[in-house]
Structures are given as C-alpha cells and as structure tokens.
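The block underneath contains the structure these notes are about, expressed in structure tokens.
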Amino acid sequence: MNSFINIDIESQVENSHLKAFKKVYGIKKHGQVKKWLWGFLIVLVLALFLPWTQNIRAKGAVTTLRQEQRPQELNTIIAGSVLKWYVKEGDFVKKGDTILQLGEVKVDYFDPQLLARTQQQIDAKQQSIEGYKNKAGTAEVQASALLQGQVLKLQSIDNKILQQQLKVASDSTDLIAVTNELNVYKRQIDAAKIMLDSGAISLTEFEKRRVNFQNGSAKRISSENKLAQSKQELINLRIEKNSAVQEYTDKISKAEGDKFSSLSSAASTEADVSKLQNLYASYDARNKLYYILAPQSGQITKAKKAGIGEMLKEGEMIVEIVPTNIQYAVEMFVEPMDLPLISIGQKVRFVFDGFPAIVFSGWPQNSYGTFGGLVAAVETSVSDNGKFRVLVAEDPNDKKWPNMLRMGGGASGIALLNDVPIYYELWRNINGFPPDYYKTQKTDKIKKK
-4 MNSFINIDIE
6 SQVENSHLKA
16 FKKVYGIKKH
26 GQVKKWLWGF
36 LIVLVLALFL
46 PWTQNIRAKG
56 AVTTLRQEQR
66 PQELNTIIAG
76 SVLKWYVKEG
86 DFVKKGDTIL
96 QLGEVKVDYF
106 DPQLLARTQQ
116 QIDAKQQSIE
126 GYKNKAGTAE
136 VQASALLQGQ
146 VLKLQSIDNK
156 ILQQQLKVAS
166 DSTDLIAVTN
176 ELNVYKRQID
186 AAKIMLDSGA
196 ISLTEFEKRR
206 VNFQNGSAKR
216 ISSENKLAQS
226 KQELINLRIE
236 KNSAVQEYTD
246 KISKAEGDKF
256 SSLSSAASTE
266 ADVSKLQNLY
276 ASYDARNKLY
286 YILAPQSGQI
296 TKAKKAGIGE
306 MLKEGEMIVE
316 IVPTNIQYAV
326 EMFVEPMDLP
336 LISIGQKVRF
346 VFDGFPAIVF
356 SGWPQNSYGT
366 FGGLVAAVET
376 SVSDNGKFRV
386 LVAEDPNDKK
396 WPNMLRMGGG
406 ASGIALLNDV
416 PIYYELWRNI
426 NGFPPDYYKT
436 QKTDKIKKK
C-alpha cells in the first residue's frame, strides 16, 4: 500500500516538473509573435503606398518683401555739428518727427540774414530788369519816330526832285527853241553875206543880221548853262536824298541797337535773378536740413553719434530706423541643384525660431506650428554663400504669421514639391535621384502692401 502511494507521489512530482519545464521553455506553446510579425509586415506594405510630399529644406531669416520696409540708415545730407537730440535708442517715432538738430559748420552759411540779403539782391536785379525793359521800350519808340521822320523827309526830297526834273525838262525845251532860233539866224547871216557881196543889201542890214546871230548864240549859251545848272541841282537833290537815307538809317540802327542792348542786359539780369533764386532755394532747403526728420514710422536703433557738438560729415549715418509697418517675408538660400525645383507661387511651410512646432516632413497638413508661404521671387544670380536667394511671402489663404516676428529671426523652410508614394520616395533616396520636377501655376494672391 505504501509502495503504491510512493509511486503515485513520484509520478505527480514528475508530472509537475515536466509541466514546469514545458512552461519555461515553451514546449508545445502556440505564441502570438507570428501574428504580430505578419500584422507589422502588412501595415508596412500598406504604409509604403501612403502619399508622401516631397520637399526641399532650407534655412532662412525673416526679412521684408519690400525694400522700404527693411531697416534703413538715416543719413545727413549736409555736414554739421550736433546741437540737440530729440530721441534716444529704442524710441518709437512717427513719420515727420524730429530726430536731431544740426548746427552750421561752413563759413559760407554763417550769416543769419543770408536768406534776407539774397532776397534783397533778387529784388534789386528784378528792378534792373524793369529799367532795361523800359529803356528798350523808349528806344523802340525813338526808332519808330525816326522811321516816320525818314518817310516824311524822303517824300519831301522826292517832291523837290520831281520839281527839278520838270525844270530840267523845261530848260531842255528852252534850249531846243533857242537852238532852232540860232539856226535861223545862221541861215540868215549866211544869206546876207552872199547878198552883201552881190550888193543886194546894205552893210547896215548885214550888221543887223549879224547882231541877231550873236544874240541867238548868247541865248543858246545861257540856256545851256541854265540846263546844266538844273541838272546839277537834280543831282544835288538825289545826293541829299541818299544822305537823308543814310542819316536816318544810322539813327534808326543806333536806336534799335540801344533797344537790343537793353533787352540783352535784361535777359542777362534775368539769368542772374534765376541764379540768385536758385541760391535762395538752396539756402532755404539747407535751413530745413538742419532738422533731421524721420522718413517713416519705426523704432530708433544704432545711434552713430552720442554727444553734443560732435561733427557729422555729408552722407554720414546718424541712426537706423526699423519700420513698424512691415509686410514680413522670409529669404531662403537654396542649393544650385534645387533651384530648378523652385518656381513663383510655390508653397512653402515655415518653422520660425521661438515658436514651438511639430513637423511631419511628408505630411505637412498634419504638422503643428508651421506657417504657410508662397514664393514671391527667385534671384537668378548666385549669392556670396554659393546659393541662390529666394523670397517667400505670407500665404493669404493660410494661417496668419505670428505678430511677434522680428527682422533677422531664423526660419526653417520646407518647399513643398510633388506628392508621391512612400515606396517611391524610399527608392528615390536609395538611388540618389532628385525629387520629381514639376511646375506650379503662378498665383497672383501674393498681396503687396
């Protein structure tokens, strides 16, 4: 009986050890590893067919889309010395606020009455212009009067010449009559000689006819002298006419010369007035430049000069102004091999420094804390760092960029490319192929303020 009990106990102990051994070493145990392995493989295969957004990563910095909104130097146009500061670094100013007052340093502009004295010179020159114009008007009136006098004088001489011509014609007629009469006397005396020789007439009759002939000769000589004198007087009248023309021409020319001389002096004085007015405007503008005004609203930074009485050269920087009204953008620098993949209007996601974000590169729509942008400009010249600069503006259809962005802050950009399956992206990276190249449609939704 005891032996059966001992055998039974031993078999029970042996069975318990066997069960423990099988339990420890998993003999004849059906595990779940295979199921989990197959499940993981199935999930992995399915995941390979999920869409993946190809992208280009690039570092950038916050800037502005427009040049006038970037930090700008405020320079002085004229040289001067610092008289008074109206602002300090860190102050916010509005457009037109006074930044600094300058004092004059050039001896040419020391006179406090410079503008008034220049204006006096302008007034004096303008009065001279009026005087020259009046003188020119008087000379014109004088020339007109001389011209009328010349006309009357020439008309008077022409009348005398006409009368003298009639007189010459009359004297010529008288000479012809006397000549005809002398010819008659000559025929008579010739006939009287023949008749005297033949005794037909007496010597007394012959002497009478010879006296008539001599009287006729004397009348002819007198008529010739009278005609010659009339012709000489006609020549004298013509000479007088030429002298009158020359005299009046000289007087009219002198009057017109005085007129044009006065007009020339007036024009020269007007040129002097223009120069003085230019100087006056320059002096007035220089007086306004003694007060340096803010060109736009912004914050004052980087004051170049600190004390009173310090000298400033022409064009030297005074302060720097960071505008307050800014349309932010991000400048990224992409590798040359990635440049063909960037186009205007392409979407870019950003992670700004200082703003928490959770980024899923292949699934940008599932990322948190990223902000959208659109490529606004792509420079075609390489920068000093060997990369190409790309400007990205805020996407108006996406979440608004943070208001706390500041110029120069860092930004990590992810340029979104084509959507491909994950297996294709893995195959592309394993083989070192570039992302798929495609062109985006340009968008005109990039607002320019």
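Counting from 1, position 122 in the sequence shown corresponds to residue 117 in the numbering used here; the numbering is continuous, with no gaps. We put the CB at the ideal spot given by N, CA and C, even for glycine.
Check: What residue from Lys203, Ser212, Glu251 and Ala74 has the CA that sits closest to Thr133's CA?
Finding: The option with the nearest alpha carbon to Thr133 is Glu251.
Check: The alpha helix (DSSP H) with Ile189 in it runs from where to where?
Finding: Leu109 to Ser193
Next item on the list: Output yes or no for whether 8 Å exceeds the beta carbon distance between Gly405 and Asp390.
Entry: no
Margin query: Given this structure, state the Cα-to-Cα distance separating Leu232 from Lys155, to the nearest angstrom.
Written below: 7 Å
Next item on the list: Indicate the three-state DSSP secondary structure (helix, strand or coil) for Thr93 in the structure shown.
Entry: strand
Item checked: Same chain, Cβ closer than 6 Å to Gln145, five either side skipped, listed in chain order -> Tyr243
Next item on the list: Name the two residues that bound the continuous alpha helix (DSSP H) containing Arg384.
Entry: From DSSP, Arg384 is part of no alpha helix (DSSP H) but of the beta strand (DSSP E) over Phe383 to Glu389.
Checklist line | Among Asn178, Tyr285 and Ile316, the one whose alpha carbon lies nearest that of Tyr104 | finding: Tyr285
Check: Bridge partners of Met312, per DSSP?
Finding: Asn70
Next item on the list: Alpha carbon to alpha carbon, how far is Trp33 from Ile425? Give it in angstroms, no decimals.
Entry: 25 Å
Next item on the list: Please report how far the alpha carbon of Glu305 lies from the alpha carbon of Ser292, in whole angstroms.
Entry: 26 Å
Notebook entry, point to check: Any idea what DSSP makes of Gln224, helix, strand or coil?
Noted result: helix
Next item on the list: From the DSSP output, read off the bridge partner residues of Phe347.
Entry: Ala406
Margin query: Here's a check: name, in chain order, each residue in its chain whose Cβ is nearer than 6 Å to the Cβ of Lys130, leaving out the five neighbours to either side.
Written below: Ser257
Item checked: Cα-Cα separation, Ile247 to Asn237 -> Near 15 Å, if we compare the C-alpha coordinates of Asn237 and Ile247.
Notebook entry, point to check: Taking the DSSP output, what are the residues bridged to Thr296?
Noted result: Answer is Glu315.
Next item on the list: Measure the C-alpha to C-alpha separation of Asn273 and Glu309 and round it to an integer number of angstroms.
Entry: 21 Å
Check: Cα-Cα, which of Val377, Glu374, Asp393 and Ser376 is closest to Phe366?
Finding: Ranking the options by Cα distance to Phe366, first place goes to Asp393.
Next item on the list: Give the DSSP-derived three-state secondary structure of Thr365 in the structure shown.
Entry: coil
Margin query: Taking 8 Å as the threshold (C-beta atoms), are Leu386 and Glu445 in contact?
Written below: An answer regarding residue 445 cannot be provided, because it is not within the stretch -4 to 444 covered by the chain.
Notebook entry, point to check: From Thr58 to Gly98, what distance separates their C-alpha atoms?
Noted result: Spanning the two alpha carbons is a distance of roughly 36 Å.
Notebook entry, point to check: Looking at C-alpha atoms only, which residue of Gln62, Glu68, Gln96 and Lys30 is the closest neighbour of Arg457?
Noted result: Residue 457 falls outside the range modelled here, since the chain spans only -4 to 444, and no answer is possible.
Next item on the list: Using beta-carbon positions only, say whether Lys54 and Ser407 come within less than 8 Å of one another.
Entry: yes
Next item on the list: Using only alpha-carbon positions, find the residue among Leu336, Lys120 and Gly349 that is nearest to Asn398.
Entry: The residue with the shortest Cα to Cα distance from Asn398 is Gly349.
Check: In terms of DSSP beta bridges, what is Ser76 paired with?
Finding: Gly98 and Met306
Next item on the list: Find the nearest neighbour of Gln453 within the set Met190, Ile321 and Leu39, judged by alpha-carbon distance.
Entry: No statement about residue 453 is possible, as the shown extent of the chain runs from -4 to 444 and does not include it.
Check: For Phe208, which residues from the same chain have a beta carbon less than 8 Å from its beta carbon, with the 5 sequence-adjacent residues on both sides left out?
Finding: Leu177, Tyr180, Lys181, Gln183 and Ile184
Next item on the list: Report yes if the C-beta distance between Ala289 and Lys128 is below 8 Å; otherwise report no.
Entry: no
Item checked: Distance between Arg204 and Leu198 (C-alpha atoms, nearest Å) -> 10 Å
Next item on the list: Let me know if Gln108 comes out buried or exposed under the rule of 16 or more other beta-carbons within 10 Å of its beta-carbon.
Entry: exposed
Note to self: Short of 8 Å in beta carbon distance, which residues of its chain neighbour Gln115, apart from the five on each side in sequence? Order them along the chain.
What the structure shows: None.
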